[in-house]
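S.K.:
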Amino acid sequence: MRNRWWAAPILAGGAVLLAACGSSAAPSTSASTPAAGGASPATSQQSGTNASATTATIMTHSTSKGTVLATASGRTIYWFAIDTATMSNCTGTCATYWPPVLGKAVAAPGTTLAHGFGTITRSDGKVQATYDGHPLYTYAADTAAGQIGGNGLNLSGGLWWAMTPAGTKLAAAKATSSSSSTGGYGY
2 MRNRWWAAPI
12 LAGGAVLLAA
22 CGSSAAPSTS
32 ASTPAAGGAS
42 PATSQQSGTN
52 ASATTATIMT
62 HSTSKGTVLA
72 TASGRTIYWF
82 AIDTATMSNC
92 TGTCATYWPP
102 VLGKAVAAPG
112 TTLAHGFGTI
122 TRSDGKVQAT
132 YDGHPLYTYA
142 ADTAAGQIGG
152 NGLNLSGGLW
162 WAMTPAGTKL
172 AAAKATSSSS
182 STGGYGY
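Mapping to my numbering: the sequence shown position 64 is 65, numbers consecutive.
(1) According to the Cβ coordinates, are residue 153 and residue 161 closer than 9 Å?
(2) Name the one or two DSSP bridge partners that residue 66 has.
(3) Looking only at C-alpha atoms, which of 157, 60, 78, 150 sits nearest to residue 135?
(4) Inspect the CB distances between the segment 105–113 and the segment 138–145 and report whether three or more fall short of 8 Å.
(5) Just tell me which of 85, 59, 84 has its CA closest to the CA of residue 73.
(6) What's the gap between the Cα of residue 127 and the Cα of residue 85?
(7) Does DSSP put residue 115 in a helix, a strand or coil?
(8) List in chain order: all unbroken beta strand (DSSP E) runs of 3+ residues lying wholly within the segment 134–172.
(9) Span of the beta strand (DSSP E) holding residue 131?
(10) What residue from 147, 66, 68, 99 has the CA that sits closest to residue 82's CA?
(11) For a test of the three-state rule: what should DSSP assign to residue 108, helix, strand or coil?
(12) Pull up the distance between the alpha-carbon of residue 147 and that of residue 91, whole angstroms please.
(13) Identify which residue in 121, 138, 125, 170 has its Cα closest to the Cα of residue 93.
(14) Give the DSSP-derived three-state secondary structure of residue 96 in the structure shown.
(15) Would the beta-carbon of residue 123 fall within 9 Å of that of residue 89?
(16) For residue 151, collect the residues of the same chain with a Cβ closer than 6 Å to its Cβ; drop the 5 residues on either side in sequence, then sort them by chain order.
Laid out in C-alpha cells, this is it:
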C-alpha cells in the first residue's frame, strides 16, 4: 500500500484556495443600531437560530500580539478590510471560514470599550454585529480561546484583522531577521 503523507498539505492548500473565493451575493441593507457597552445576558450566536433575537456578548482578551475583542468563549473577533459599515462582503464559502458574529452585540460585564456596537442585515437576512462600523467575524481555524491565526491574512479578496478595543488593526506578525552580528557573509 502506498503512503499518502503528501495528501494533507495538498488538501489544506485547497481549503485555503476555497477560502480565497468569495461569492457575489446582493448587498445587504443597513440596520445600524448603536448599543452602549453595558452588561446583558449572553445567548447563542449560532447561525441556525433567529439572529435578530440573538445577543452576542463581547469581551476583551489578551493575546500574544495584544488585546483584542473576543466572544464570550474567548474566540478572537476579526474584521474584513473590504467590508463597509453597511455591508458584509463575506458571504457563501467565505462565511464558512469566517463565521459572522450574529445578533446584537453587548459588552461583557466590566468590559469598557472605546466605540459602540451596531448591526447590519446580511444578504441572507441574518443580523450581524458590528463594532466601530466594522462587521464582526470569528475564524474557523482558531480552535481555542486566544488564538489569532487569522490576523493579517489576505484571504477571500481582502485582508483580515483582529479587532482591537480601539477599533484599529492589530499589528501583523513581524518577520524575524536571521542576520549575523559579526557583519560577515556567513562563511
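From the three backbone atoms N, C-alpha and C, an ideal C-beta is built for every residue, glycine too.
M.R.: Walking through what the data contain:
(1) In this structure, residue 153 places its C-beta atom within 9 Å of the C-beta atom of residue 161.
(2) Answer is none; residue 66 lacks a bridge partner.
(3) The shortest C-alpha separation from residue 135 is found at 78.
(4) In short, these stretches do not touch, since the Cβ pair count stays below three.
(5) Closest option to residue 73, judged by alpha-carbon separation, among 85, 59, 84: 59.
(6) The C-alpha of residue 127 lies about 16 Å from the C-alpha of residue 85.
(7) Residue 115: coil per DSSP, three-state reduction.
(8) Those beta strand (DSSP E) runs which fall completely within the segment 134–172 and span 3+ residues are 159–163.
(9) Segment 128–132, the beta strand (DSSP E) holding residue 131.
(10) With distances taken between Cα atoms, residue 82 lies closest to 99.
(11) It is a strand residue.
(12) Cα to Cα, residue 147 sits roughly 23 Å from residue 91.
(13) For residue 93, the nearest C-alpha among the options comes from 125.
(14) Assigned with DSSP and collapsed to three states, residue 96 falls in helix.
(15) In contact: residue 123 and residue 89 (Cβ atoms closer than 9 Å).
(16) Cβ-Cβ distances below 6 Å link residue 151 to 79, 140, 161 in the same chain, with the five nearest sequence neighbours on each side left out; the list follows chain order.
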